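S.K.:
Protein chains in written order, with the numbering used here: chain A, 1 to 696; chain B, 1001 to 1157.
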C-alpha cells in the first residue's frame, strides 16, 4: 500500500543499499594494489512492486549480492600460457649456466687443451727421444683430462642441483594442491548462489591455481561453488573439490610389467648412469638364454647397437643396455622364469609420480622424445617440465656427447699408441679395461667397454734379452692353439679373455712371456732376464684391454692418463716394432700417426644422434654450439610465451583490476544517491509532520 | 666510381644497422604489448627498407654503367688493401642483413601469435553474444527458420 510509510521504507532501503555500495567501493580502493584482488561491485535489484492506483508502485532497491569481476575464459588461456612461459624461462635461465661452463672465451678449456695435446705429439714426432717434449706432452695431456673432467663435473653438479630444486617444487605443489582443496571446501560452506559469494576465497584460490600453473601444465574445470577440478593436461586428477591427490619425486627404480601368467618372482636392479628411461622387453627365454629388446621414449623408439642389431642376449651378469650406459641385473628366483612380453621400465634417474591411490602410481616425468616432441602422456609445461628438460634432454644430452667425445679420444689415441713402442720395454703389464666374464666372447657378452670395436686379425709380441736388448722371439699369437697343427689362427671377436691368455702362453712355450687373468684384467709378464714389446695389432685387442695405451677410461668421468706412463715417461710410444722385431731409435711412426689424428675424421656415436664422422676438435665444438643454440631457442620460446601471457594477464586485469578513477566516480555516484535517500527520509518525515499537524 | 661504390656501401651498412635496431625495438614493443607503437615503428621500418632497396638499385645501375655486372667483378679489380676496406663494409651489410632477417622472423612470429590470440578471444566473445538459435516467429506469426551462417543453397536434395 503506497503511503508515507512506504516512502520511509524506500528511503531506508536505499540508504542501506548505497551504504553497502560505498563500502564495496571503499574495499576496492583500499585493495587497488593488492596482488590477485579482483574488483567487486554490489548487485542492485529493484524491490517488489505493489499493484495500486495509479498503477504498480515500486518498493525501493535491494542490495542482493557482492559480485566479483573475473573472466574465466581469459584465465584458462592465461594459465596455459603461463605454464609454457615458466617452462621455457626455467630452461633458459638454467641453460645460461651451461653456456658459462662451456664458455672458453676467457678461460682455457677443452678445445685449447686439445690443441696443445696435438701440438705436443707433433713436437714429439720431430724429436722422439726428447724427454722435455715427453714431459710437456704429459703436462698438456693432464690438462686435457682435467678440462674434460671439469666440464663433466660442472655439468653433473648442475644436473644434481636440478634434482634438489625439483624436489622442493614437488613439495610446494603438494602444499598448493591441499591448499586449493581446502579453499574449495571453505567456498562450498560459505557460498550461497545468488546471495552470498566468497569473493575473497575465490581470489585466494585463483592465486594458488596460478602458482600451480607456473609449476606444471594444468586443466581447470569449474563446476560451480567449491567444486573445482584440476587435472594435468594429460588427465591426471590433482584436485577434485575438497579432495587432493599428491605427487612424489622418487629415487631411481625399476618397475616390472609382467604378462598375465608370467611366473617371474625374482628381483631386478639397474646398475648404471643414464639420462634416458629404458623399457626392456623380453623376447624369449629358452633355458638360461634370455633374449631382449630395449626401447626408449616410453616404448616408442627401439634401440640398436652400432652394427644395427636390436635383439640382444642377456649375460649371466644381466641385460646390458645397447648404449653401454648400464646393466639391468636379474635374480630370476627359484622355480620362476621370464616370459616373452614381460617388460621392465628402467628409470635411471629420480622420477616424478602421480599417486592415484596411496599405492597405485603413474610415472609422469616430463619427457622430450628423440623427435624433439613432448611425450603428451606426461607433464609438458610449467617450471617442473623446464627442470626435467634441463636435467634429461639438456644436460643429459651434453653429457652423452661429452662421454662420446672422451670415448673416441681414448679409443683413437689408444688404438695407435698400443701398437707402438717407447724408450723402454715392458717386464710386466696389466690391462686397464677388465671383463665381467673370462669365458664369454670379448666382442659381445664379456662386458668389455670397447668390445664392439674389436676386429678379426692378429697381434705380435716380441721378446728381448733384458741385458743385451737382442731379440729372442717375435711371434704372432695363435688363438686356437693346436699342438699338431701349428698354423696360426687369427683372433675372432668370439674369442674369450681365456683364449687370449692361452694364445700368449702357447706362443712362448719356454715361458719367457706368460699371461694370466687378475680380476678380469689381462696380465702379461716376462721371465727374469727378459722383457717384451708389442708389434702390430690388427685386432684392436691391446687398446680394448687397456694394454700399452696412453689413456685409461672410456668416458668423461673416468678418463685418465695410463698409470704406467704417469710413472715413467719413457713408456710414451713414439716409434714401433718393425717386422724384424727391431725397435729403432729416432722412430717417430706412432707419434706422427697420433699427431695426424688432429685433422682425421673419426667415428663418434651417441644413441640420440647416431654415428658422426668429424675431427675430435670439431665434435667438441658441436657440444658448445648445441648448448648455445639450445639456449637461444629456449630464450625465444620464453619471450614468445611471456608476451602472450602478459597480453592475457593485461586483458584479465582490464576486467578484474581496480581503476581508481572509476571507483572515485562510483563513490561520488553512490554518495549522492545516499544523500538523496536521506533527503527522501527527511521529506517523508516532514510530510508526516504536516499530516500530524492537520489536527491542530 | 670507387667513391660512389664505397659511399653506397657505407650508407647501406648504416641503414642495415639501423634496421636491426628498429627491429629489436619492435620486438621490445611487442613483448611489452604496445601495438599502437608497433604500428608507427613498422611504417619507419618499411620506409627504411624502401630506401635501402633504392640505394642498392642505384649502385647496381652505377656499376652496370661502368661495365660491371655485379659488385664482385668490380672488387676483383681493386688492390689488396683497398679491396679489404670494401669487403669489410660488405661483410657488415651481410651480417646485419642476416640479423635483421632473423629478428624480423621472430617479430613476425610474435605478432602473428598475439593476433591469433586476440582473434580467438574475439571469436569467443562473439560466440557468447550471438544468439545460438536464429529461428524465430515473424511479427505476423509465421515460423521463420534461418541458417546460422551464410549459404548459397539450402534445403534437401
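Note that beta-carbon positions come from the ideal geometry of N, C-alpha and C, so glycine has one too. Since we're looking at a predicted model, the values are computed, not measured.
1) For residue 491(A), write down the residues that DSSP places opposite it in a beta bridge.
2) Looking at the strands, I want to know which residues DSSP matches up with residue 242(A).
3) With a threshold of 8 Å on Cβ separation, who are the neighbours of residue 1006(B) within its own chain once the five nearest residues in sequence on each side are excluded?
4) Given a limit of 9 Å on CB to CB distance, which residues of the segment 73-84 of chain A reach chain B?
5) Which chain B residues sit within Cβ distance under 7 Å of residue 636(A)?
6) Check distances from the C-beta atoms of the segment 435-451 of chain A to those of chain B and list, in chain order, the residues that come in under 7 Å.
7) In chain A, which residues lie with their C-beta within 8 Å of the C-beta of residue 1113(B)?
8) For residue 465(A), which three-state DSSP category applies?
9) Which one of 683(A), 28(A) and 353(A) has the shortest CA to CA distance from residue 171(A)?
10) What does the Cβ neighbour count give for residue 568(A), buried or exposed, with the cut at 16 atoms within 10 Å?
11) Helix or strand or just coil, what does DSSP make of residue 619(A)?
12) Just tell me which of 254(A), 233(A) and 220(A) has its CA closest to the CA of residue 240(A).
13) Can you tell me whether residue 477(A) is helix, strand or coil according to DSSP?
14) Are the beta-carbon atoms belonging to residue 155(A) and residue 387(A) less than 8 Å from one another?
15) Is residue 219(A) helix, strand or coil when you go by DSSP?
16) Let's see if you can read the secondary structure: which residues bound the beta strand (DSSP E) around residue 45(A)?
17) Can you name the start and end residues of the alpha helix (DSSP H) that residue 704(A) belongs to?
18) Could you pull out every unbroken alpha helix (DSSP H) segment of at least 4 residues lying fully inside the segment 174-216 of chain A, listed in chain order?
19) Give the straight-line distance between the Cα atoms of residue 207(A) and residue 1020(B), rounded to the nearest whole angstrom.
20) Out of 1001(B), 1003(B), 1002(B) and 1018(B), which has the shortest C-alpha to C-alpha gap to residue 1099(B)?
21) Do you know offhand how far residue 209(A)'s Cα is from residue 79(A)'s?
22) Should residue 478(A) go down as buried or exposed, given a rule of 16 or more other Cβ atoms within 10 Å for buried?
23) Opposite residue 354(A) in the DSSP bridges: which residues?
24) Indicate the three-state DSSP secondary structure (helix, strand or coil) for residue 50(A) in the structure shown.
25) Chain B beta carbons: is any one of them nearer than 8 Å to that of residue 376(A)?
26) Going by the beta-carbon positions, is the gap between residue 46(A) and residue 58(A) smaller than 8 Å?
27) Mapping the DSSP letters down to three states, classify residue 15(A) as helix, strand or coil.
28) Could you say which of 424(A), 144(A) and 136(A) lies nearest to residue 114(A) if we only look at CA atoms?
29) Can you check the segment 506-571 of chain A for any alpha helix (DSSP H) of at least 4 residues that lies completely inside it and give the ranges in chain order?
30) In chain B, which residues lie with their C-beta within 7 Å of the C-beta of residue 537(A)?
31) Please say whether residue 656(A) and residue 38(A) have beta carbons closer to each other than 8 Å?
32) Answer with buried or exposed for residue 1138(B), where buried requires no fewer than 16 other C-beta atoms within 10 angstroms of its C-beta.
33) Got a sec? Which residues, its chain only, sit under 6 Å from residue 475(A) by beta carbon, not counting five neighbours each side?
34) Please list the residues of the segment 644-667 of chain A that have a C-beta atom closer than 9 Å to any C-beta atom in chain B, keeping them in chain order.
35) Can you tell me whether residue 1136(B) is buried or exposed? The criterion is at least 16 other CB atoms within 10 Å of its CB, across all chains shown.
36) Would you say residue 1117(B) reaches chain A, if we count a Cβ-Cβ gap shorter than 8 Å as a contact?
M.R.: Looking at the atomic coordinates:
1) 457(A)
2) Paired residues: none, contrary to the question.
3) 1085, 1086 and 1089
4) 73, 74, 77 and 81
5) 1106
6) none
7) 640, 643 and 644
8) strand
9) 353(A)
10) exposed
11) helix
12) 220(A)
13) coil
14) no
15) strand
16) 40-46
17) No answer is possible for residue 704(A): the residues shown for chain A start at 1 and end at 696.
18) 199-215
19) 40 Å
20) 1018(B)
21) 8 Å
22) buried
23) 247(A) and 362(A)
24) strand
25) no
26) yes
27) helix
28) 144(A)
29) 541-545 and 563-567
30) The premise fails here: residue 537(A) is roughly 50 Å from chain B at the closest Cβ pair, so nothing lies under 7 Å.
31) yes
32) exposed
33) 507
34) 644, 646, 647, 648, 650 and 651
35) exposed
36) yes
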